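Chains A and B are the protein sequences, given in the same order. Going from the first sequence to this note's numbering is simple: count from 1 and add 169. Going from the second sequence to this note's numbering is simple: count from 1 and add 169. Report on the structure given below.
Protein chains: 2
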Amino acid sequence: MNIAILTFDGFNELDSFIALGILNRMKGSGWNVQITCPSDQVTSMNGVTINAQQPLSFCNDADIVLFGSGIYTRDIAKDPSIMSQINLDSSKQIIGAQCSGTLLMAELDLLQGLPACTDLTTKPWVIEAGIDVLNQPFMARNNVATAGGCMSSQYLSAWAIAKGASTEDAESALTYVGPVGEKESYTKQCLDVVSPYLI
Amino acid sequence: MNIAILTFDGFNELDSFIALGILNRMKGSGWNVQITCPSDQVTSMNGVTINAQQPLSFCNDADIVLFGSGIYTRDIAKDPSIMSQINLDSSKQIIGAQCSGTLLMAELDLLQGLPACTDLTTKPWVIEAGIDVLNQPFMARNNVATAGGCMSSQYLSAWAIAKGASTEDAESALTYVGPVGEKESYTKQCLDVVSPYLI
Chain A
170 MNIAILTFDG
180 FNELDSFIAL
190 GILNRMKGSG
200 WNVQITCPSD
210 QVTSMNGVTI
220 NAQQPLSFCN
230 DADIVLFGSG
240 IYTRDIAKDP
250 SIMSQINLDS
260 SKQIIGAQCS
270 GTLLMAELDL
280 LQGLPACTDL
290 TTKPWVIEAG
300 IDVLNQPFMA
310 RNNVATAGGC
320 MSSQYLSAWA
330 IAKGASTEDA
340 ESALTYVGPV
350 GEKESYTKQC
360 LDVVSPYLI
Chain B
170 MNIAILTFDG
180 FNELDSFIAL
190 GILNRMKGSG
200 WNVQITCPSD
210 QVTSMNGVTI
220 NAQQPLSFCN
230 DADIVLFGSG
240 IYTRDIAKDP
250 SIMSQINLDS
260 SKQIIGAQCS
270 GTLLMAELDL
280 LQGLPACTDL
290 TTKPWVIEAG
300 IDVLNQPFMA
310 RNNVATAGGC
320 MSSQYLSAWA
330 IAKGASTEDA
340 ESALTYVGPV
350 GEKESYTKQC
360 LDVVSPYLI
């Protein structure tokens, strides 16, 4: 399984790295989770420069693609030099977006008329793109999901593991990363949010 | 305010970057949050290479120092070339550790006999270092705190903001990063964990 976490200049560290940390709990089961970028290096919204693990083309053949969020997403959505490189197919790939990443999914026509989740800053731009925005942290149908609010990354990640492997694997990953002494309640709360969308 | 997030080779992305993301909500109030490393670049436990924002010496004059976690912490704790560069003073600095970072605080004699939190993997090594380990996500006394389980980074971060600025600032940062539609309950839950240690 190849998993691309799309990460652009100005990226929100919480959105890309919470997903990376949780999804890598599946490394032992052969999941290859990769920070995927349009350039060799990208710098986060708070000035941390990281090396790409994969070029953008990696996402087109990945089994799971998650769109990270960031402060330059509106510009990226209008940049054909980046957007033309992303060619996804939700009938074959599991695709999700975090916060402003929802705008990129809208631009790529990946939401298929679904209402979506995003952060409060991005909300007006997603509405402008013709998408209904929900006042909830997570939403999914079939192979497509969106999440809003940085810490909802945990829901998007749990959904991706449940879709790509099993609910038991998602439960195991959540239990590992959960706070000591709260692992059971933490895992239950996350799965309660995600489970209705796994039917 | 200078804030050092100590980040070593093999680092856990959740532990360093959840703190970075939440603490940077204070950027507008002059907080300078920096990934602080013993080398120009470090590579995470899942293979992501990042550039240091500051050398290790930055931590010695920082107002707040958070020890990140990682898979090589036991080796780092025994490496005088790294440990001798870290000279902290909990009477003047706010100091916290996440997961295996607790082992580094123990090694540097920063826990002052306090029982501590850590992750379940590190627990036996912290006990071996003579520290009582608690079955809870977060613990603090005066200027010193420890947290256990990756997602407890949110508690350590909230505590650091409350200590370095105010509980209202911590509340504001948590509200921003919280899941859409759950921001109030998320913020309350985090502050409920941290508040007893702010007295």
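In this text, a Cβ means the ideal position worked out from N, Cα and C, and glycines have one as well. These numbers come from a predicted model, not from an experiment.
Beta-carbon gap between residue i and residue j smaller than 8 Å
{"i": "A237 of chain A", "j": "S321 of chain A", "result": "Rather than Ala, the amino acid found at residue 237 of chain A in this sequence is Gly. No."}
{"i": "A339 of chain A", "j": "L360 of chain A", "result": "yes"}
{"i": "V346 of chain A", "j": "L183 of chain B", "result": "yes"}
{"i": "A329 of chain A", "j": "G265 of chain A", "result": "yes"}
{"i": "Q370 of chain A", "j": "G333 of chain B", "result": "Summary: the structure shown does not reach residue 370 of chain A, with chain A confined to residues 170 through 368, and so no result is reported for it."}
{"i": "L367 of chain A", "j": "A331 of chain A", "result": "yes"}
{"i": "M170 of chain A", "j": "G197 of chain A", "result": "no"}
{"i": "M308 of chain A", "j": "A285 of chain A", "result": "yes"}
{"i": "Q254 of chain A", "j": "I233 of chain A", "result": "no"}
{"i": "N220 of chain B", "j": "T356 of chain A", "result": "no"}
Option nearest residue i by Cα separation, candidates the options
{"i": "L225 of chain A", "options": "A:L235, A:L367, A:N311 and A:V217", "result": "A:L235"}
{"i": "L303 of chain A", "options": "B:C228, B:C206, B:V349 and B:D209", "result": "B:V349"}
{"i": "D288 of chain B", "options": "A:P306, A:T356, A:G179 and A:T344", "result": "A:T344"}
{"i": "I172 of chain A", "options": "A:A275, A:I219, A:T336 and A:T205", "result": "A:T205"}
{"i": "G318 of chain B", "options": "B:W328, B:P306 and B:A327", "result": "B:P306"}
{"i": "G282 of chain A", "options": "A:I300, A:V362 and A:I174", "result": "A:I300"}
{"i": "M214 of chain A", "options": "A:I187, A:F180 and A:D244", "result": "A:F180"}
{"i": "C228 of chain B", "options": "B:C268, B:K196 and B:I174", "result": "B:I174"}
{"i": "M252 of chain A", "options": "A:T242, A:A316 and A:S354", "result": "A:T242"}
{"i": "K247 of chain B", "options": "B:L280, B:W294 and B:P365", "result": "B:W294"}
{"i": "Q323 of chain A", "options": "A:N311, A:S341 and A:D178", "result": "A:S341"}
{"i": "T212 of chain B", "options": "B:I233, B:L189, B:Q203 and B:F177", "result": "B:F177"}
{"i": "M195 of chain A", "options": "A:V363, A:E337, A:I219 and A:L277", "result": "A:E337"}
{"i": "T290 of chain A", "options": "A:G190, A:S269 and A:R310", "result": "A:S269"}
{"i": "E351 of chain A", "options": "B:A316, B:D258 and B:E353", "result": "B:A316"}
{"i": "D278 of chain B", "options": "B:S259, B:Q267 and B:K292", "result": "B:S259"}
{"i": "N201 of chain A", "options": "A:K292, A:D209, A:Q210 and A:G190", "result": "A:G190"}
{"i": "S335 of chain A", "options": "A:S364, A:D230 and A:E353", "result": "A:S364"}
Below-8 Å beta-carbon distance, residue i vs any chain B residue
{"i": "F180 of chain A", "result": "no"}
{"i": "Y355 of chain A", "result": "yes"}
{"i": "F177 of chain A", "result": "no"}
{"i": "E351 of chain A", "result": "yes"}
{"i": "N171 of chain A", "result": "no"}
{"i": "I187 of chain A", "result": "yes"}
{"i": "D301 of chain A", "result": "no"}
{"i": "L367 of chain A", "result": "no"}
{"i": "L360 of chain A", "result": "no"}
Per DSSP, the bridge partner or partners of residue i
{"i": "C206 of chain A", "result": "A:P224"}
{"i": "V302 of chain A", "result": "A:A285"}
{"i": "T212 of chain A", "result": "A:T218"}
{"i": "T315 of chain A", "result": "A:A266 and A:M308"}
{"i": "A327 of chain B", "result": "In DSSP, A327 of chain B forms no bridge with anything."}
{"i": "V234 of chain B", "result": "B:A173 and B:I264"}
{"i": "F180 of chain B", "result": "B:G239"}
{"i": "N201 of chain A", "result": "A:N171"}
Residue-chain proximity (residue i, chain A), Cβ-Cβ < 8 Å
{"i": "G190 of chain B", "result": "yes"}
{"i": "V202 of chain B", "result": "yes"}
Check: residue i C-beta below 7 Å from any heavy atom of the ligand ATP
{"i": "L175 of chain A", "result": "As far as ligands go, the structure on display features none, and thus does not contain the ligand ATP."}
Fill in: Short-range partners of chain B found in the segment 209 to 239 of chain A, where Cβ spacing is below 7 Å
Taking a C-beta cut-off of 7 Å against chain B, the contacting residues of the segment 209 to 239 of chain A are N215, G216, V217, T218, I219, N220 and Q222, listed in chain order.
Worksheet item: the segment 325 to 347 of chain B: which residues have C-beta closer than 7 Å to a C-beta of chain A, in chain order?
Response: V346 and G347
Discussion item. Closer than 7 Å between beta carbons: that is the criterion. Which residues of the segment 303 to 322 of chain B meet it against chain A?
Written reply: N304, Q305, P306, G317, G318, C319, M320 and S321
Worksheet item: If contact means a Cβ-Cβ distance below 7 Å, which residues of the segment 256 to 286 of chain B contact chain A?
Response: The segment 256 to 286 of chain B vs chain A, Cβ under 7 Å: C286.
Worksheet item: Given a limit of 9 Å on CB to CB distance, which residues of the segment 288 to 300 of chain A reach chain B?
Response: D288, L289 and K292
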